[in-house]
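Data first, discussion second: the structure below is written as structure tokens.
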Amino acid sequence: GESVGLHLPTLSVQEGDNSIINCAYSNSASDYFIWYKQESGKGPQFIIDIRSNMDKRQGQRVTVLLNKTVKHLSLQIAATQPGDSAVYFCADTPWGGATNKLIFGTGTLLAVQP
Amino acid sequence: DAGVTQSPTHLIKTRGQQVTLRCSPISGHKSVSWYQQVLGQGPQFIFQYYEKEERGRGNFPDRFSARQFPNYSSELNVNALLLGDSALYLCASSTGTGPFYEQYFGPGTRLTVT
């Protein structure tokens, strides 16, 4: 079935370093991808999105890369800060759907060491 | 502006009981989606309602039901609770329905079934 998964369950980085969080998706018909950040005790928070007709999109300190050939998505965080510590999820929406259904991966815990 | 609100924050129920969770979307948002997040996993889609009509349903048993009211708030009901229903229940709202509408998540209701 459809699934969005992550390679690494936990990522530990030093403050100031760049972080890269990876995600693999299985549905080649996926049309839209989103990265969410979830802090303890809170709901997921939108970080950045990318449509399937793009391969790169940049935001403030974050960049999402999409490789449709290998069905891989990554989130790059520049100059990682302690406030970036959270669980990061990639999510995908099936193409052609008229719903808001999101398919989430398991998540990667990002731990920023001071 | 207030974000998505959910009530109650925490809830403890016994197996076999019934529970009702409530969600108030962001003002102006007509779509509400419900997700179940088991500890250590990504959220799983349960339902979406748009303009008081069900627009999508995930792979959950009929014990799960929901509705949306004229003011666009929503309730999620779960009957005959099982231990496996213990999870964080998230509500997300958006202005429309379809894959490209950004969804805003509430803080969730933590349900514990004993």
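Chains B and Z, in that order, give the protein sequences. Quick note on numbering: the numbering used here labels position 49 of the first sequence as 49, and the sequence is numbered without any gaps. So the numbering used here is basically just the index in the second sequence, starting at one, shifted up by 114. Here a beta-carbon is modelled for each residue, glycine too, at the ideal position from N, C-alpha and C.
Opening and closing residue of the beta strand (DSSP E) in which V64/B lies: What you label residue 64/B is simply residue 64 of the first sequence in a count that begins at 1. Element bounds for V64/B: 62-67.
DSSP-derived helix/strand/coil call for D199/Z: The residue given as residue 199/Z occupies position 85 in the second sequence. Note: D199/Z maps to helix in three-state DSSP.
Same chain, Cβ closer than 8 angstroms to Q132/Z, five either side skipped, listed in chain order: Reading the second sequence from its first residue, position 18 is the one you call residue 132/Z. For Q132/Z, where only same-chain residues beyond five positions count, the Cβ hits under 8 angstroms are N191, V192, N193, A194, L195.
Q182/Z at chain B interface by Cβ criterion, 9 angstroms: By one-based count along the second sequence, residue 182/Z stands at place 68. Not an interface residue.
Interface partners of E189/Z on chain B, CB under 9 angstroms: For this step, residue 189/Z is matched to residue 75 along the second sequence. Near E189/Z there are no residues of chain B at all, since even the closest Cβ is about 18 angstroms away, more than 9 angstroms.
Identity of the residues DSSP links to L45/B by a beta bridge: Position 45 of the first sequence holds residue 45/B. It is Gln, not Leu, that sits at residue 45/B in the sequence shown. Residue pairing by DSSP puts Q45/B in a beta bridge opposite K37/B.
Nonlocal neighbours in the same chain, by C-beta distance under 6 angstroms from D92/B, ignoring five residues either side: Within the first sequence, numbered from 1, the residue matching residue 92/B stands at position 92. Within the same chain, D92/B has close Cβ partners V4, Y25, S30, F33, I103.
Positions along the stretch 203-223 of chain Z whose CB lies within less than 7 angstroms of some CB in chain B: L204, S208, T211, G212, P213, F214, Y215, E216, Q217, F219, G220, P221, G222
For Q162/Z, the first and last residue of its enclosing beta strand (DSSP E): Here residue 162/Z refers to the residue found at position 48 when the second sequence is read from its first residue. Counting along the chain, the beta strand (DSSP E) containing Q162/Z begins and ends at 158-164.
Residue of H72/B, T69/B, V62/B minimising C-alpha distance to A78/B: Against the first sequence, residue 78/B aligns to sequence position 78. The residue with the shortest Cα to Cα distance from A78/B is V62/B.
Any C-beta of chain B under 9 angstroms from that of G198/Z: The sequence position of residue 198/Z within the second sequence is 84, counting from 1. So no, G198/Z is outside the interface.
A175/Z at chain B interface by Cβ criterion, 9 angstroms: In the second sequence, residue 175/Z corresponds to position 61, counting from 1. Sequence check: residue 175/Z is Pro here, not Ala. It does not: the Cβ of P175/Z has no partner Cβ on chain B nearer than 9 angstroms.
For N22/B: DSSP bridge partner residues: The sequence position of residue 22/B within the first sequence is 22, counting from 1. Its beta-bridge partners are S74/B.
Simplified DSSP assignment, three categories, for S3/B: Position 3 of the first sequence, counted from the first residue, corresponds to residue 3/B. Any answer about S3/B is weak, because its pLDDT of 44 lies below 50 and its placement is not dependable; what the coordinates show is given next. S3/B: coil per DSSP, three-state reduction.
With 16 other Cβ atoms within 10 Å as the buried cut-off, status of Q60/B: Counting from one through the first sequence, the residue named residue 60/B turns up at place 60. Counting Cβ neighbours within 10 Å, Q60/B comes out exposed, since fewer than 16 surround it.
Chain B within 9 angstroms of G172/Z, Cβ atoms only: In the second sequence, counting from the first residue as 1, residue 172/Z sits at position 58. So, interface residue.
Where D55/B sits in the DSSP three-state scheme: Looking up residue 55/B in the first sequence gives position 55. Looking at D55/B - three-state DSSP - the assignment turns out to be coil, as it is neither helix nor strand.
9 angstroms Cβ cut-off: residues of chain Z touching T108/B: Here residue 108/B refers to the residue found at position 108 when the first sequence is read from its first residue. The contacting residues do not exist; T108/B stays about 10 angstroms from chain Z at best.
Cα-Cα separation, N53/B to L225/Z: Taking the first sequence and counting its residues from 1, the one referred to as residue 53/B is at position 53. Taking the second sequence and counting its residues from 1, the one referred to as residue 225/Z is at position 111. Approximately 39 angstroms between the Cα atoms of the pair.
Residues that Q150/Z contacts on chain B, provided the C-beta gap is smaller than 8 angstroms: By 1-based counting over the second sequence, the position of residue 150/Z is 36. Ordered by position in chain B, no residue passes the 8 angstroms Cβ test against Q150/Z, which lies about 11 angstroms from the chain.
For G105/B, the three-state DSSP class (helix, strand or coil): On the first sequence, residue 105/B is found 105 positions in, with the first residue counted as 1. In the structure shown, G105/B adopts coil according to DSSP, grouped into three states.
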